Structure formats: C-alpha cells, structure tokens
Ligand code: MEV
C-alpha cells in the first residue's frame, strides 16, 4: 500500500474568535505555514512520530489533546490498529503554537494522508468532517472555523450552523493582500478551557454578553466590506474594536497587551489577539511589507517572536 501524504494549513482569525462559537460570523485566513502528514504501514498499533517545529513546551502541554485527535481519526476511518498497524509522521513548516491552528492542521493533514493511504477518494467536505471530529475530540466544542481553514485554504467567512444546521462557508475574493505580523506570547493555552470559561461567564451575565455580541455583529459587517475592498486602515481600526470586545470577555492577558502596545509603537494600523487568547498569538496589521517589517522589529524589541506574512492575496 502506498504511503499516504496530506497537507493542512495553519490559520489566523482576523475577526470573530469566541463569538463564532455562538453562531456569529467570523473571518479567517489560511497562512503559508502548513503541516505535512505521512501515513504508512506500521509494525505495532499506531506509531506516532511528531517532527513539527514548536514554541517551547507546546507538544508537552498539548499531549493529551494530540492523542485524542489521533484516536478520533483512527475511529473515524474505522481502523483497527491491531489488524492494520500504522505509522503516522508529522512534519512541515508550521511552528506549533496556540492560535495558529496547529491542531486543525494536524487533523486535516492526517485525514488527507489516511484518505490517500487507503485510496478512499474522499472529497474536501468529507476531509473537513473528519478533521472536525478530531478537533471536537481534542478540544471540546469547536466552532469548526479552524479545521475549515486548514482544509480549504484561502480566506473565508465562516458562520457555524447552530442546532445541527449547516455551516455557512464563503471563500472571500479580496482586492489586495493584507500584510500582517504574527507575534507569539510564548504561552500555550488550552482552547477547551478558555471556551468553557467564556461560556460560563456568558451564562452568568447574559445581558452583558448580548450587548457585546450585537456590537460585534455590527462590526463584522463593516469588517467584511473593508477586507474585501482591501481598505487596510479601516480593517486596522476594526481589529482594534474587535480586540476591545475580546478584552470585555476576558480573553486577553498581559503578554498579548505587551505585543499590542509594542506593535502600535511600531506603527501597526490595528492589532488583536488571534484564536483562543490568554496567550497564544497576536496579529498586527501593516499598510505594506516595509511597515510590517518595522512592526516586527518593534515587537521583537519588546521581547516577543514575530514573523511577517500576508493573507488574502497572491504574493508579488
Ligand atoms: C480557536 O482558534 C477559535 C475559538 O473561537 C474556538 C473555536 O472557534 O472553536 C476560540
């Protein structure tokens, strides 16, 4: 049997993390960093080799989550490891960190590799379904935005279908790419715990959350238009507003705030946490590549790792 190979993209959420869990729309983009999975015949059970680069401590902290994801995929593909031993190897250039979609990239790359290894001819929708199952086993009640980005690539708007309804996924056509700096707080967070915490807060203070959700909904409409038009100044200002709402639901932390203020000093048009929060990554928007390099330098001077990337357009 052939060795199956599969790719899963990393992602960044531009607007709407956490709110997306409650059926509000969000915007996310795949990034060029990706995970490559290889599946081949093994000797005994499931042998798992993880060669992915990581921020220090990521794999150790996420050990349980990673094991649950692999287990869920083995079950989804109805594999009996005693009869069909497999070796699953992960590699690629996506540096595993909270907020970059590393668990979703694992899920969709392994689903693709299993599909190829067993010659199943699954389409992207099925791959995405398998990846969602793995994400759910790994991290509780995901919205599905991460695995959708990892599976399809590109920039998308995503709205979770509540009560078993279908998710609304739209591939976005954008006029201009956005230059962003991805900066790492160095803290690995567990999505499951933070999502559960936000849910508990919302149950306690429903009116406060209703107000935040309606402010976010109004913001989203403007953000979608600005992203499509490539109006980076507007996008930046709206990212700042989105960050303010994320502060109100208590998912920021001192390191994220440190990155944001360093990025602002470096000329960022807007900056916010991306993904789970309380650690993980922040994204900082620049007007162009030169601006992004200046922001990255300012963030690094502040003591944080930073890389320049572009989303939503073709590289020039
Ligand atoms: C995590 O990348 C994004 C969250 O909104 C959770 C989810 O959508 O599943 C925090």
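In my numbering, the protein residues as written are 4 to 319. Glycine included, every Cβ here is placed at the ideal spot set by N, Cα and C. Source: prediction; values computed, not measured.
Near the ligand MEV: residue i beta-carbon under 7 Å from a heavy atom
{"i": "residue 215", "result": "no"}
{"i": "residue 58", "result": "no"}
{"i": "residue 132", "result": "no"}
{"i": "residue 23", "result": "yes"}
{"i": "residue 279", "result": "yes"}
{"i": "residue 200", "result": "no"}
{"i": "residue 20", "result": "yes"}
{"i": "residue 148", "result": "yes"}
{"i": "residue 194", "result": "yes"}
{"i": "residue 28", "result": "no"}
{"i": "residue 262", "result": "no"}
{"i": "residue 82", "result": "no"}
{"i": "residue 34", "result": "no"}
{"i": "residue 286", "result": "no"}
{"i": "residue 16", "result": "yes"}
{"i": "residue 145", "result": "yes"}
Residues near residue i in its chain [Cβ-Cβ closer than 8 Å; skip 5 each side]
{"i": "residue 61", "result": "99, 100, 101, 105, 191"}
{"i": "residue 236", "result": "272, 290"}
{"i": "residue 318", "result": "Because residue 318 sits at a pLDDT of 37, beneath the cut-off of 50, its placement in the model cannot be relied upon, and the following sentence gives the value as read from the coordinates. So the list reads 180, once near-sequence residues are dropped."}
{"i": "residue 119", "result": "5, 7, 8, 9, 42"}
{"i": "residue 189", "result": "58, 59, 258, 282, 307, 308"}
{"i": "residue 27", "result": "19, 162, 216, 219, 220, 223"}
{"i": "residue 238", "result": "17, 181, 226, 229, 230, 272, 273, 288"}
DSSP three-state assignment for residue i, whether helix, strand or coil
{"i": "residue 21", "result": "coil"}
{"i": "residue 309", "result": "strand"}
{"i": "residue 272", "result": "coil"}
{"i": "residue 192", "result": "coil"}
{"i": "residue 175", "result": "coil"}
{"i": "residue 101", "result": "coil"}
{"i": "residue 223", "result": "helix"}
{"i": "residue 85", "result": "coil"}
{"i": "residue 92", "result": "strand"}
{"i": "residue 200", "result": "helix"}
{"i": "residue 318", "result": "Unreliable positioning characterises residue 318 in this predicted model, as indicated by a pLDDT of 37, which lies under 50. A coordinate reading is not provided."}
{"i": "residue 146", "result": "coil"}
{"i": "residue 152", "result": "helix"}
{"i": "residue 208", "result": "coil"}
{"i": "residue 58", "result": "coil"}
{"i": "residue 252", "result": "coil"}
{"i": "residue 185", "result": "strand"}
{"i": "residue 2", "result": "Residue 2 cannot be examined here, being either before or after the span of the chain that is shown, 4 to 319."}
{"i": "residue 5", "result": "coil"}
{"i": "residue 291", "result": "coil"}
{"i": "residue 164", "result": "coil"}
{"i": "residue 158", "result": "strand"}
{"i": "residue 27", "result": "coil"}
{"i": "residue 277", "result": "strand"}
Cut-off 6 Å between Cβ atoms - residues of its own chain near residue i, not counting five sequence neighbours on either side
{"i": "residue 80", "result": "117"}
{"i": "residue 40", "result": "9, 93, 112, 113, 116"}
{"i": "residue 186", "result": "262, 285, 302, 307, 309"}
{"i": "residue 75", "result": "136, 137, 140"}
{"i": "residue 45", "result": "88, 89, 90"}
Burial state of residue i (16 or more Cβ within 10 Å)
{"i": "residue 313", "result": "buried"}
{"i": "residue 153", "result": "buried"}
{"i": "residue 165", "result": "exposed"}
{"i": "residue 56", "result": "exposed"}
{"i": "residue 52", "result": "exposed"}
{"i": "residue 14", "result": "buried"}
{"i": "residue 253", "result": "exposed"}
{"i": "residue 144", "result": "exposed"}
{"i": "residue 122", "result": "exposed"}
{"i": "residue 138", "result": "buried"}
{"i": "residue 142", "result": "buried"}
{"i": "residue 269", "result": "buried"}
{"i": "residue 68", "result": "buried"}
{"i": "residue 213", "result": "exposed"}
Beta-carbon proximity list for residue i, same chain, < 7 Å, skipping 5 on both sides
{"i": "residue 159", "result": "31, 151, 152, 172, 173, 174, 175"}
{"i": "residue 177", "result": "158, 230, 231, 233, 315, 316"}
{"i": "residue 34", "result": "12, 13, 14, 15, 312, 314"}
{"i": "residue 23", "result": "29, 146, 148, 161, 163"}
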